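To start, the structure itself, in C-alpha cells.
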Amino acid sequence: MSTTSILLVLKLVSEGVGVAKEISDLARRVQAGEEITDAEIELARAQVAESVKNWDAETANGPEQ
Amino acid sequence: MEGQIEQLKEMGATLTPNMAYIAVFISLAIQFVKTILSRWKLFEEEGIKQTLYPMLSAGSTMAVYYFLGVEDWALCGIVMGFGASGMYVAFTGTAKIAKKNSTVTTAAALMLCALLVFGCETFKSDPKVELLAAQKTFIATVDSLTTLHRAGKISEEEVKQLTVLIHKGQDYLIEWELALKAGNTRPDAISLFQTVLDQLLEYELVKGGD
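See the structure below:
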C-alpha cells in the first residue's frame, strides 16, 4: 500500500470515527432524556451547506492527478 | 446485525446501543489488524483468514465488554463479535463484486453504513434527533466523497451524478427541517433523503474499495 493510499485510508477512517462519536454521543443524550435544540439543528444545517460548498469547489477544478 | 439482536433477545440477554457501536469499532480494528498481518503470506491463506479473523473479532468484543462491566459479556461478545465479522465480510464482498478489488478503506464505508442503520433504528422515537443524526451522517459522507475526489478516485462523469445526488440530499434535508419546525411530518422527504444517502454511501463503498 502506497503512502498516498495510507493517508487516504486514515482520512476516511477519521471521518467515520468522527461521525461515530457524534452519533454515539447523541444516543447517550437521548437515553439521558436530553432534548435537541433548534440551534443544534441550524448549526448542522450550516455544516451541511459548508460540506456541499467544499464539494462544489473541489469538483469545479476537476480531479487532482 | 438485526438477526444478532433478535438472537440475543431470545437468549434473554440485553443489548444496548453502545454495545452495538462497540461492535462496529471492533470490526474496524480487526480490519487494521488484517491489513498489518497481510504483509506475511501465512495470514493470507484462505483457511487461516476464515478462522482467525472471526475468532479475533469475537474474542476482542468479549474482552471489551468484560472490561466495560457488561453483565452478559460472554454471550453478547460472541454474538456481536461474529456479527461484526460477518458484517465486514458482507460489505467487502459487495465492493469486490463491484470492482473486483477492495482494501481497508471499505471499513470507513462500512462504519457509515452501520451508523445509518443504527441511527435510523435508535432515533426513530425522536424526530429532532433523527434529523440531526441524518445531517451528521450526510456531512461525513459528503466530506469522504470530497476526499476521494481529491485523491483522483472519482471520474468526471461520476462527479456529475454525485453532484446531483448531493444537492438533492441537501434539499431534502431542508424540506425535512422546515416540516419539522412547522410541526408536520414529511415521510416523503425523509424517505427520498434516505434513498439519496444510500446511493451516496454505495458510491463511497465502491470507490473506497479501490
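Chains as they are written, first to last, in the working numbering: chain A, 1 to 65; chain B, 1001 to 1210. Every residue gets a Cβ at the ideal spot worked out from N, C-alpha and C, and that includes glycine. These numbers come from a predicted model, not from an experiment.
Taking all protein chains shown into account, residue 1170/B has 16 or more neighbouring C-beta atoms within 10 Å of its C-beta and is therefore buried. Contact between the region 1163 to 1183 of chain B and the region 1129 to 1145 of chain B is present, with at least three C-beta pairs closer than 8 Å. Three or more beta-carbon pairs drawn from the region 1156 to 1165 of chain B and the region 52 to 63 of chain A are found closer than 8 Å, and the two stretches are therefore classed as touching. By a beta-carbon distance limit of 8 Å, residue 1168/B does not contact residue 44/A. Their separation comes to about 18 Å.
Straight through space, the alpha carbons of residue 23/A and residue 1138/B are spaced by roughly 12 Å. Nearest C-alpha to residue 1183/B among 1192/B, 1194/B and 1126/B: 1126/B. With respect to chain B, the C-beta atom of residue 18/A has a partner C-beta closer than 8 Å. Residue 1073/B and residue 1144/B have their C-alpha atoms roughly 34 Å apart. For the options 38/A, 48/A, 50/A and 46/A, the alpha carbon positioned closest to that of residue 1181/B is the one of 38/A. Pairing residue 1062/B with residue 1083/B gives a Cβ-Cβ distance that is not under 8 Å. A distance of 8 Å or more separates the beta carbons of residue 1148/B and residue 1172/B. Under the three-state reduction of DSSP, residue 50/A is assigned to helix. Against chain A, the beta carbon of residue 1070/B has no neighbour under 7 Å; the closest one sits roughly 16 Å away. Here residue 51/A is buried, its C-beta having at least 16 other C-beta atoms within 10 Å. In this structure, the CA atom of residue 40/A is about 44 Å from the CA atom of residue 1052/B.
Annotation: the continuous alpha helix (DSSP H) that includes residue 1164/B extends over 1156 to 1181. With fewer than 16 other CB atoms across the displayed protein chains lying within 10 angstroms of its CB, residue 1066/B is exposed.
One Cα belongs to residue 26/A, the other to residue 1060/B, and the distance between them is close to 25 Å. Taking C-beta separations shorter than 7 Å and ignoring five residues to either side along the sequence, residue 33/A has no partners in its chain. With respect to chain B, the C-beta atom of residue 44/A has a partner C-beta closer than 8 Å. Take the alpha-carbon of residue 1197/B and the one of residue 36/A: they are about 22 Å apart. Within chain A, no C-beta atom comes less than 9 Å from the C-beta of residue 1186/B; the nearest is roughly 15 Å away. Within a 10 Å sphere around the beta-carbon of residue 1058/B sit 16 or more other beta-carbons, which makes this residue buried.
For the pair residue 1026/B and residue 1070/B, the CB atoms are not nearer than the 8 Å cut-off.
In this chain, the alpha helix (DSSP H) harbouring residue 1139/B covers 1127 to 1150.
Flagged as an interface residue toward chain A: residue 1136/B, by a C-beta distance shorter than 8 Å.
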